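Below: one structure, written as C-alpha coordinates.
Numbering (this note's numbering), first residue to last: 1 to 96.
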(Lines of atoms letter the chains of each structure in order from A; the text may use other names.)
(Lines give C-alpha, C1' and ligand atoms only; values in the text may rest on other atoms or scores of the structure.)
Protein backbone atom coordinates (compact mmCIF):
# COMPACT_ATOMS: atom_id res chain seq x y z
CA UNK A 1 0.00 0.00 0.00
CA UNK A 2 1.37 3.43 -0.92
CA UNK A 3 0.77 6.44 1.26
CA UNK A 4 1.24 9.82 -0.35
CA UNK A 5 2.24 12.37 2.22
CA UNK A 6 4.46 15.35 2.51
CA UNK A 7 5.95 15.10 5.97
CA UNK A 8 8.84 17.44 6.70
CA UNK A 9 11.54 16.57 9.22
CA UNK A 10 14.76 18.19 10.33
CA UNK A 11 17.89 16.05 10.44
CA UNK A 12 20.46 16.17 13.20
CA UNK A 13 23.02 17.98 11.02
CA UNK A 14 20.68 20.58 9.49
CA UNK A 15 19.30 18.35 6.73
CA UNK A 16 15.78 18.98 5.51
CA UNK A 17 13.98 15.70 4.93
CA UNK A 18 10.57 15.47 3.29
CA UNK A 19 8.77 12.16 2.99
CA UNK A 20 6.91 12.22 -0.31
CA UNK A 21 5.69 8.58 -0.42
CA UNK A 22 5.78 5.59 1.88
CA UNK A 23 5.19 1.89 1.28
CA UNK A 24 5.86 -1.03 3.61
CA UNK A 25 9.37 -1.44 2.23
CA UNK A 26 10.35 1.88 0.65
CA UNK A 27 10.25 5.66 0.94
CA UNK A 28 10.60 8.47 -1.55
CA UNK A 29 12.43 11.30 0.19
CA UNK A 30 13.46 14.81 -0.74
CA UNK A 31 16.83 15.22 0.99
CA UNK A 32 18.43 18.67 1.21
CA UNK A 33 21.76 19.02 2.98
CA UNK A 34 22.95 22.63 2.63
CA UNK A 35 26.35 22.94 1.01
CA UNK A 36 26.63 19.21 0.36
CA UNK A 37 23.82 17.58 -1.61
CA UNK A 38 20.21 17.85 -2.75
CA UNK A 39 18.12 14.93 -3.93
CA UNK A 40 14.64 15.90 -5.14
CA UNK A 41 13.21 12.36 -5.22
CA UNK A 42 15.50 9.80 -3.64
CA UNK A 43 14.38 6.21 -3.11
CA UNK A 44 15.17 4.62 0.25
CA UNK A 45 14.68 0.93 1.07
CA UNK A 46 13.89 -0.73 4.35
CA UNK A 47 16.62 -3.18 5.38
CA UNK A 48 18.62 -4.41 8.34
CA UNK A 49 21.47 -2.16 9.42
CA UNK A 50 24.82 -3.64 8.38
CA UNK A 51 26.66 -1.50 10.92
CA UNK A 52 25.86 0.39 14.10
CA UNK A 53 25.18 4.11 13.81
CA UNK A 54 22.87 6.96 14.71
CA UNK A 55 19.41 7.77 13.34
CA UNK A 56 19.58 10.91 11.18
CA UNK A 57 16.27 12.17 12.60
CA UNK A 58 16.13 11.18 16.27
CA UNK A 59 19.80 10.71 17.21
CA UNK A 60 18.85 7.32 18.67
CA UNK A 61 21.49 4.64 18.50
CA UNK A 62 21.02 2.09 15.73
CA UNK A 63 22.46 -1.34 16.31
CA UNK A 64 23.57 -3.76 13.65
CA UNK A 65 20.48 -5.73 12.60
CA UNK A 66 17.93 -3.02 13.47
CA UNK A 67 15.32 -2.15 10.83
CA UNK A 68 16.36 1.03 9.04
CA UNK A 69 15.79 2.95 5.83
CA UNK A 70 18.83 3.74 3.67
CA UNK A 71 19.30 5.33 0.25
CA UNK A 72 18.91 2.68 -2.47
CA UNK A 73 20.31 4.54 -5.47
CA UNK A 74 23.23 3.49 -7.65
CA UNK A 75 25.87 4.78 -7.91
CA UNK A 76 26.03 5.41 -4.18
CA UNK A 77 24.87 8.95 -3.35
CA UNK A 78 26.72 11.30 -1.00
CA UNK A 79 24.30 10.40 1.81
CA UNK A 80 24.66 6.62 1.30
CA UNK A 81 25.89 6.02 4.85
CA UNK A 82 22.90 7.75 6.46
CA UNK A 83 20.30 5.63 8.26
CA UNK A 84 16.87 6.45 9.61
CA UNK A 85 15.32 4.04 12.13
CA UNK A 86 12.27 2.37 10.58
CA UNK A 87 10.24 2.92 13.75
CA UNK A 88 10.40 6.70 13.18
CA UNK A 89 8.06 6.54 10.21
CA UNK A 90 5.55 4.19 11.76
CA UNK A 91 5.20 6.51 14.74
CA UNK A 92 5.00 9.68 12.64
CA UNK A 93 2.40 8.44 10.19
CA UNK A 94 0.25 6.94 12.95
CA UNK A 95 0.14 10.32 14.75
CA UNK A 96 -1.21 12.18 11.69
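Where is the CB? At the ideal position from N, CA and C, for every residue including glycine.
This structure is a prediction, so every number in the text was calculated from the model and none was measured.
Could you give the residue range of the beta strand (DSSP E) that holds residue 20?
Here the beta strand (DSSP E) through residue 20 covers 16-22.
Just confirm the distance between the C-beta atoms of residue 71 and residue 44, as a whole number of angstroms; I'd bet it's less than 8 Å.
For residue 71 against residue 44, the beta-carbon gap comes to about 6 Å, under 8 Å, which counts as contact.
Along the beta strand (DSSP E) that carries residue 27, what are the first and last residues, could you check?
Looking at the DSSP string, the run of the beta strand (DSSP E) that includes residue 27 is 26-33.
contact_flag[the stretch 78-91, the stretch 47-66] where n(CB pairs < 8 Å) is 3 or more:
Short answer: they touch.
Residue 1 to residue 89, Cα distance in whole Å?
Note that residue 1 scores 42 on pLDDT, short of 50, meaning its location in the model is unreliable and no value can be drawn from it.
Span of the beta strand (DSSP E), counted from its first residue to its last, around residue 68
Annotation: the continuous beta strand (DSSP E) that includes residue 68 extends over 67-71.
So residue 41 and residue 27 are in contact, right, with Cβ under 8 Å, and what is the actual spacing, rounded?
Between residue 27 and residue 41 the Cβ distance is about 11 Å, and since that is not below 8 Å, they are no contact.
Let's see if you can read the secondary structure: which residues bound the beta strand (DSSP E) around residue 38?
From DSSP, the beta strand (DSSP E) with residue 38 extends over 37-48.
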